[in-house]
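Following: one structure in structure tokens, then a few remarks.
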Amino acid sequence: MPPLLQIRNLKTWFPITSGVFSRTVGHVRAVDGVSFDIAPGETVGLVGESGCGKTTLGRTVLGLEPRKSGEILLGGIPLWPTRHQETLPLRRRVQMIFQDPYSSLNPRMTIQEIVTEGLLQQRLIRPRERGNAATRLLQEVGMEPSVLHRYPHEFSGGQRQRISIARAIAVRPELVICDEAVSALDVSVRAQVLNLLIDLRASHNLAYLFISHDLGVIRHIASRVVVMYLGVVVETGSSSEVLDSPAHPYSRALISAVPVPFSESRKRTILKGDAPSSSHPPSGCRFRSRCPLALPECAARVPVLEPITPGSARQVACIRKDEILDTSQHAKALLQGVFQ
Amino acid sequence: MNTLLDIRNLGITFDTDEGPLKAVDNVSFSIRQGEVVGLVGESGCGKSVTALGLLRLIPMPPGRLTSGEVFFEGRDLLRLPTDELRSIRGRRISVIFQEPMSALSPLHRVGAQLVETLQLHLPIDTRAAWMTSVDWLKRVGLPDPEAQMRAYPYQLSGGMLQRVMIAMALMLEPALIIADEPTTALDVTIQAQVLELLREMKSKDTSLLLITHDLGVVWELCDRIVVMYASRVIEEGPRRDLFEKPAHPYTRALLDSVLSLSGRADRLSTIEGQVPSPLAYPAGCRFAPRCPHAFARCHQEQPPLYTLSTDRHSACFLCDKHPIAQPS
Ligand SMILES: Nc1ncnc2c1ncn2[C@@H]1O[C@H](COP(=O)(O)OP(=O)(O)OP(=O)(O)O)[C@@H](O)[C@H]1O
Ligand SMILES: Nc1ncnc2c1ncn2[C@@H]1O[C@H](COP(=O)(O)OP(=O)(O)O)[C@@H](O)[C@H]1O
Ligand code: SF4
Ligand code: SF4
Ligand SMILES: [Mg+2]
Ligand SMILES: [Mg+2]
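Going down the list, the sequences are from chains A and B. So the first sequence is numbered by the numbering used here: it starts at -2 and just counts up by one. So the second sequence is numbered by the numbering used here: it starts at 86 and just counts up by one.
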């Protein structure tokens, strides 16, 4: 199947300004050359440390942040050409759900107004059809239609997230970007909302770009994972491959750091220090300042994101990936020392 | 092992515009010397108010102590003169909050704040206090501790600040550390560093009350676990026992909804409904509206905490054949 979304060498930089004349003194390279695809109906999980550029990537796809360079194609057509008018119907096809169920809903609008706003804007319904459309949408997300005329503050976090979901699916999108959509919810409610997203994915053939710091959630909902570090993709592959046997040293450290109940105490890579700033990423491999496997060459050249074997969907950006993936005794000994 | 902290029937209510809000209701549990106790539960169930309340850090009003005693090394913290309480807080008991910024002054350099804390509690000159501080920053794994001493808090990242807070909490070598969601605001890789530190501390006979909603963190660090739901303790027990044989239906459901990194089910098991509002708790068992096992009695009476075995308690009528727990 041809990809639904294609992201090609995307860069989003934010200027750092200083002084009274707001002179630009540098750039935060929030997203710095990212490429990946999402197939129709596919769920791709996007993971990585705080500040690595996940939200910025999602917002750039939606046109909420200006892109420095690169391409975003939806069904093969550029999503953000210079003349916005033409792409209005295209933009309907991508929607977003945000982390904070408190600030993302307009407190002055009723639930009915919130969930049908997009439908009216896109002229998909007439004003007098509002009530019916809203009733149907609320039923789809498991809420009573009796709440139509109430305001967001009267609802719990989980219910507000259901309302955000209703608003997002109203215009029949093909891709929904979920940015930490369940992170603010308590475990018991989080499971309910995840189940809803899974059901809607099947009934509406939705693709998700699912941003989450919770790898358990990612494992559950995403079939493929993209791991980012300081604005670049360091590894991608099926969720089971990447989460069970991560190849990139950063993915290994990230995954081993997650505390898992019921597991016996596991071997763990504890990274030294914090992530460097994305305005001054290290030369060569950006992970080298914290990488337990770093070699002098890692400073000299930027590792390319490449398939681990020709044609493989599993891609890793590390000059030592072959050694890491090598199952021979020599390679095992190499890893044993660093990954305890 | 000796009991270090003993909380008995703690009750704290807030007087709000919408009426009295029972944030902590009849909470009892204890912490022994050298023990790590995890206090878990969903947001709003009363974990932080319990921890702050036992140290008398809840503003009153709007808060109000409705019942209870908190014995620490034999003295009731809730009734101690303020100056004595203040010397215990800091010297014998230290606190690590979720937001490190809230505990550090933004106007003073990190070093000055560490030195001041030491000098407040110990007879130590500035030079020695400076050296001790640098040493502790090194021990909590802060790179370049001398430079960090001269930095202002806003110049450090969240993970670095949290390590400063931990150094500050550890350096007076308290008997008890209360850590309220110490890693919730941190990235997992940084969380792993902090957990490692707390684990080291555990080997030094310091007790820890660890408040968190992350069951993975609890599993890794705690000896014993206290589960709260809707302002009350609903279950208590040693870590492995509680995780493997949860007695209360809420604990069971909570453990079922944990997502593992490996298994992948098509649908998650969920707890239907929502946590009740503390302004309108149901009359009987507070879990009854969501409990798959609820029967008539559950809607009329509040279940007491039953003792299943030493250290093992559950507040559910399904455990009715057991004796009722008395605060020790
Ligand atoms: N509007 C902006 N102006 C300047 N810098 C920005 C802006 N938005 C984001 N950044 C910077 O871009 C980088 C990436 O931020 P982003 O919000 O995309 O991270 P993230 O991966 O979503 O992190 P988190 O997990 O904390 O949500 C960070 O260094 C951030 O400080
Ligand atoms: N200062 C306050 N005034 C009124 N209500 C409060 C105050 N602090 C906490 N509460 C309420 O007390 C209950 C328990 O809160 P808390 O202990 O902070 O929960 P958690 O278990 O998430 O730490 C919640 O319903 C909360 O809204
Ligand atoms: S390229 Fe070098 S520094 Fe980067 S991850 Fe691989 S081994 Fe580590
Ligand atoms: S007392 Fe009744 S309602 Fe409460 S947890 Fe036990 S069975 Fe369920
Ligand atoms: Mg983000
Ligand atoms: Mg709290």
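Don't be surprised by glycine CBs; every beta carbon is placed ideally from N, CA and C.
Residue state for M93 (chain A) is assigned as strand, using DSSP reduced to three classes.
Considering only beta carbons, the part of the stretch 25 to 59 of chain A lying closer than 7 Å to chain B consists of E46, S47, in chain order. Residue nearest to P323 (chain B) within the set B:E305, B:Y314, B:A338 is B:E305 (criterion: CA-CA distance). Taking 8 Å as the CB threshold, G123 (chain B) stays off the interface with chain A. Within the chosen limit of 7 Å, ligand 5 does not reach the beta carbon of D319 (chain A) with any heavy atom. With a cutoff of 8 Å on beta-carbon distance, P334 (chain B) and C401 (chain B) are scored as near each other.
Around the beta-carbon of E127 (chain B), 16 or more other beta-carbon atoms lie within 10 Å, marking it buried.
Residue nearest to F259 (chain A) within the set B:A213, B:V200, B:D326 is B:D326 (criterion: CA-CA distance). In this structure, the straight-line span from the alpha carbon of C130 (chain B) to that of R221 (chain A) is close to 36 Å. In the three-state DSSP reduction, A244 (chain A) falls in the coil class, being neither helix nor strand.
Per DSSP, K107 (chain B) is one residue of the beta strand (DSSP E) stretching across 104 to 117. For N103 (chain A), no CB of chain B lies under 8 Å from its own CB, so it is not counted at the interface with that chain. Among the bridge pairs identified by DSSP, K8 (chain A) is matched with A:D29, A:S66.
Rounded to the nearest angstrom, the Cβ distance from V91 (chain A) to L172 (chain A) is 5 Å, consistent with a contact under 8 Å. With a cutoff of 7 Å, D265 (chain B) counts as near ligand 6, since its C-beta is closer than that to a heavy atom of the ligand.
Under the 10 Å beta carbon count, M216 (chain B) is surrounded by fewer than 16 other beta carbons and is classified as exposed. Using a CB distance cut-off of 8 Å, L197 (chain A) does not count as an interface residue toward chain B. Taking the Cα of L89 (chain B) as reference, the smallest distance to any Cα among B:D100, B:L192, B:Q118, B:T101 is reached at B:Q118. In this structure, DSSP gives F152 (chain A) a state outside helix and strand, which the three-state scheme calls coil.
Burial is judged here by how many other beta carbons sit within 10 angstroms of a residue's own beta carbon; D319 (chain A) has fewer than 16 and is exposed. Contacts with chain B (Cβ-Cβ distance below 9 Å) from the stretch 240 to 261 of chain A involve L240, D241, Y247, A250, L251, I252, S253, A254, V255, P256, V257, P258, F259, S260, listed in chain order. Contact annotation, K107 (chain B) with P408 (chain B): C-beta distance approximately 26 Å; criterion of less than 8 Å not satisfied. Per the DSSP secondary-structure output, C404 (chain B) pairs with nothing in a beta bridge. Residues T268 of the same chain have their beta carbon placed closer than 6 Å to that of Q276 (chain B), with the five preceding and five following residues left out of the count. The C-alpha of G45 (chain A) lies about 36 Å from the C-alpha of D290 (chain B).
The way I'd put it, the stretch 58 to 77 of chain A doesn't touch the stretch 138 to 150 of chain A; fewer than three beta-carbon pairs between them come closer than 8 Å.
Neighbours of S153 (chain A) across chain B, judged by C-beta separation under 7 Å: Q359. Flagged as an interface residue toward chain A: E281 (chain B), by a C-beta distance shorter than 8 Å. For A204 (chain A), no alpha helix (DSSP H) segment is defined; the enclosing uninterrupted segment is the beta strand (DSSP E) at 204 to 208. With a 10 Å radius around the Cβ and a threshold of 16 neighbouring Cβ atoms, T57 (chain A) comes out buried.
Of all alpha-carbon atoms in A:C175, A:E303, A:L117, the one lying nearest the alpha-carbon of V214 (chain A) is that of A:C175. For D183 (chain A), a Cβ of chain B is located within less than 8 Å of the residue's own Cβ. When Cβ-Cβ separations below 8 Å define contact, V186 (chain A) makes contact with chain B. Cβ contact annotation for S19 (chain A) (same chain, cutoff 7 Å, sequence separation greater than five): none. V112 (chain A) carries a helical assignment under DSSP once its states are collapsed to helix, strand and coil.
Linking G38 (chain A) to L197 (chain A) through their CA atoms gives a straight-line distance of about 11 Å.
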